[in-house]
Every structure is written in structure tokens, then in C-alpha cells.
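Printed below as a string of C-alpha cells:
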């Protein structure tokens, strides 16, 4: 099976698990040198084929293009991202990408929005050797997030105007983690609706220097 290696955005299938994913290949990609990888988990809704393309094209790629990373947005094949079945799908997909692309294993970022942000909290906590950093957006933490021994940095973005997931629970967990010395940044936006993902493009773009620093420390 061939895999897209030239600049562009492509729809591909990991045949072994029938896993659909959208992939953006940066202009800088070459098999001769390793590239960073960003895994982006989409929000909720009816998951039509290549549903992940929406978060890739509408939020993550415009915001983080400067990082020169391969960006991959899989389709969720289960009710949500934060469960063992989805966990198996994501870790298998990550192995598949590392087998078929020249990925810099020290520079893998996990991010997600809403349902994908909840999954980011879940997966990042359980796979801290795989991910160098995580950016959950517009999403409450997992019930155990405050008790996790976080060894990777987190950058949490939420809005005070979020009418679906209030920011208070997120802020409470962030403050608990700060008190434990976790490497965590917290950005609260004003007047951005939960349903306005494009309102997160600039705040996500503002994480670029932080991501580079996290990758440098890996």
C-alpha cells in the first residue's frame, strides 16, 4: 500500500484496523530526515467518513503549520476517545504512522477539541512516553486527571463563555496540578462559544513557542 509523502492533505485508511484518518504532509517533509507529528482528535457529532478532516483543516493545521509537522486527524470509531477501545485504535495508528513515515519520536504532540480534548486528557495521561506534550481544548479533565503524576507538559485552553463545558472544573484541576508542581499552562478565553472552534485558532497558534520548548526538552 502506498502512502502520501508529498505536500498536501490526504484521506487514508489504516487497513489492518479499518481506521480512517486525514493526514497533512508539510512542505518540509522528507524520508531522509525525521519530522514532528501532531495527532489531532476531533470533536463530537455524527462521524461521517474522514470526519477528522474538519479539525485538521479548520483548527489545527492553520494554527500549527509553522511547526512543520505531519498532522494526523483520525476518525473516532467508538462512542468517545476516552476508553480502552479508542486507546487501542490510537496507539495502533501511531505505531502505523511511525512505521511508514520518518517521525521524530521525541516530537509528538497530542491535541483535541471538546470530545477530542477529553480524549487528550485521557490518552496523554496513559501514554506519557509516547507524547512529548498535550494540548486539550474546550474540554473538562478526566475524573483522575488531578491525581496523575504528569511527566509531560500540558497547555490547557478553555473559554469562560463555554456553554457546553463550563470552565470551572477545568480551572479547579489545573490549580490542583499547579500546586503539585506539574508543568501546566492555562489560558482562559473570553467571549468564545464552545461551538466556535475557529475562535481557538489564534490561541492555539500562540502555543508554538511552548511546543518547540517542550520538544527541545524531550
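Residue numbers (my numbering): 14 to 231. Every residue gets a Cβ at the ideal spot worked out from N, C-alpha and C, and that includes glycine. Everything numeric in this text was worked out from a predicted model, so none of it was measured.
query                                                                                                                                                                               : result
Sort out for me which residues DSSP pairs residue 70 with in a bridge.                                                                                                              : Beta-bridge pairing links residue 70 to no other residue.
For residue 183, collect the residues of the same chain with a Cβ closer than 7 angstroms to its Cβ; drop the 5 residues on either side in sequence, then sort them by chain order. : 153, 154, 169 and 171
Relative to the C-alpha of residue 122, which residue among 225, 16 and 18 is closest?                                                                                              : 225
Along the chain, which unbroken stretches of the alpha helix (DSSP H) at least 4 residues long are found entirely within the stretch 65 to 123?                                     : 74 to 77 and 97 to 113
Where DSSP assigns a beta bridge to residue 24, which residues make up the other side?                                                                                              : 35
Going by C-alpha to C-alpha distance, which of 70, 196, 208 and 209 sits closest to residue 227?                                                                                    : 196
Quick one: what's got a C-beta closer than 8 angstroms to residue 119's C-beta in the same chain, skipping five residues either side?                                               : 145, 228 and 231
When the Cα of residue 20 is compared with those of 149, 43 and 101, which residue comes out closest?                                                                               : 43
What residue does the beta strand (DSSP E) around residue 178 start on, and which one ends it?                                                                                      : Neither: residue 178 is in no beta strand (DSSP E) and is coded neither H nor E.
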